[in-house]
Amino acid sequence: MTINNLVNEYFIVNQEKLKKFENESNNIKIGIMGGTFDPIHCAHLAIAEFIRDNYKLDKILFIPSGNPPHKDRNITDKYDRYNMVLLSTINNDDFIVSDIEVKREDKTYTIDTLKNLKQIYKDAEIYFITGADAICDIETWKDVEDNFKLANFIAATRPGISLLIANEKIKELKDKYNANIESVYVPSLDISSTYIRNQLKRNKTIRYLVPELVEEYIHSKKLYNSGE
Ligand code: NAP
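Numbering (our numbering), first residue to last: 22 to 249.
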């Protein structure tokens, strides 16, 4: 089966998972894994699984950002980023991908996504998971205080990211906004999307750093200047 056929098949399976989840999602804890995912890699998946397990979350909803307001470099087409997240998560029953942000035409702010999620998952408790460095910049986000009213935040740190600096910032945010934020050190591989993109640009291997199907997708679409 070609990678395009696989994406189409997985899209249908994921939509079914999503619909089922929407119908039975009251009084549950949902982890929202928000990110540009350019591309998704094995550390993202390890972080999501680690946090799901540690916080006893019922499901993790991956939300690839559509048109992120804070990115000035050229980012990969949102549907390619979405497809790679789909290919990475389909085999885990606790992971679901949402196209809530990629479907939007205008800039995608987290506050709009959280409001939307609160309408769909009415009584659910939301845990927004992202990198500690992204959380440290949260005061630049739209309607910063309202974000904290709608969700708990989990700042995932990993090798190379100082827990001490993140914790200082988190304490400041908690005091200022009465925010519910926790940092969690996730023992995962020291890989980042930037590293993956650089490896590809230099025609170097990304094997075992991303799921096999993501590697196949990247090469088949010649993303990140791979194969040039
Ligand atoms: P980023 O600024 O590109 O990433 C900051 C760091 O966090 C990077 O080291 C990144 O590593 C890591 N990271 C990103 N997503 C992660 C995740 N879910 N778990 C663990 N680490 C993660 O961040 P981004 O990916 O573009 O944005 C993160 C989230 O914040 C998105 O949902 C975005 O929409 C939201 N955001 C909202 C606003 C706003 O509403 N105004 C502004 C900024 C960000 P990798 O490069 O390896 O992923």
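Where is the CB? At the ideal position from N, CA and C, for every residue including glycine.
Note that this is a predicted model, so its numbers are computed, not measured.
Run the proximity test for Asp211: is its beta-carbon closer than 8 Å to any non-hydrogen atom belonging to ligand 1?
Within the sequence shown, numbered from 1, the residue matching residue 211 stands at position 190. Answer for Asp211: no, Cβ out of range of ligand 1.
Would you say Ala200 touches ligand 1, meaning its beta carbon is less than 8 Å from a heavy atom?
Here residue 200 corresponds to residue number 179 of the sequence shown, with the count starting at 1. For ligand 1, not one heavy atom lies less than 8 Å from the Cβ of Ala200.
Taking a contact to mean a Cβ-Cβ separation below 9 Å, would you say Ala187 touches Thr151 in this structure?
Your numbering for residue 187 matches position 166 in the sequence shown. Your numbering for residue 151 matches position 130 in the sequence shown. Their beta carbons are not under 9 Å apart, which means Ala187 does not touch Thr151 by this criterion.
Measuring only the C-alpha atoms, how far is Lys40 from Val118?
The residue you call residue 40 lines up with position 19 of the sequence shown. The residue you call residue 118 lines up with position 97 of the sequence shown. Rounded to the nearest angstrom, the two C-alpha atoms are 11 Å apart.
Based on the DSSP output, what are the partners of Ala177 in its beta bridges?
Sequence index remark: in the sequence shown, residue 177 carries index 156 (1-based). Per DSSP, Gly152, Val205.
Using DSSP with H/G/I as helix, E/B as strand and the rest coil, what is Val123?
Residue 123 sits at position 102 when you count from the first residue of the sequence shown. Coil, per DSSP.
Tell me the DSSP secondary structure of Leu27 in three-state form.
To locate residue 27, count along the sequence shown from 1; it is residue 6. Three-state DSSP puts Leu27 in a helix.
Run the proximity test for Met54: is its beta-carbon closer than 8 Å to any non-hydrogen atom belonging to ligand 1?
Position 33 of the sequence shown, counted from the first residue, corresponds to residue 54. Checking every heavy atom of ligand 1 against the Cβ of Met54, one is found closer than 8 Å.
CB Ile61 to CB Phe149, shorter than 9 Å?
Mapped onto the sequence shown, residue 61 falls at position 40. Mapped onto the sequence shown, residue 149 falls at position 128. Not a contact, by the Cβ cut-off of 9 Å.
Answer yes if the segment 229 to 245 comes into contact with the segment 84 to 101, meaning at least three C-beta pairs across the two stretches below 8 Å, and no otherwise.
The segment 84 to 101, when compared against the segment 229 to 245, does touch it at the 8 Å Cβ threshold.
Taking 8 Å as the cut-off, is the CB of Glu122 close to at least one heavy atom of ligand 2?
Within the structure as shown, ligand 2 is missing, the only ligands being ligand 1.
DSSP has Gly56 in a bridge; who is on the other side?
Mapped onto the sequence shown, residue 56 falls at position 35. Pro85, per the DSSP bridge assignment.
Quick check: what's the CA-CA separation for Asn112 versus Ile191?
Within the sequence shown, residue 112 is the residue found at index 91, counting from 1. Within the sequence shown, residue 191 is the residue found at index 170, counting from 1. In a straight line, the C-alpha of Asn112 is about 34 Å away from that of Ile191.
Step through the CB atoms of chain D and report whether any lies within less than 9 Å of the CB of Ile49.
In the structure shown, chain D cannot be found, because there is only a single protein chain.
If you follow the alpha helix (DSSP H) that Ile217 is in, where does it begin and where does it stop?
For the purposes of this step, residue 217 is taken as the residue at position 196 of the sequence shown. Ile217 -> alpha helix (DSSP H) spans 214 to 222.
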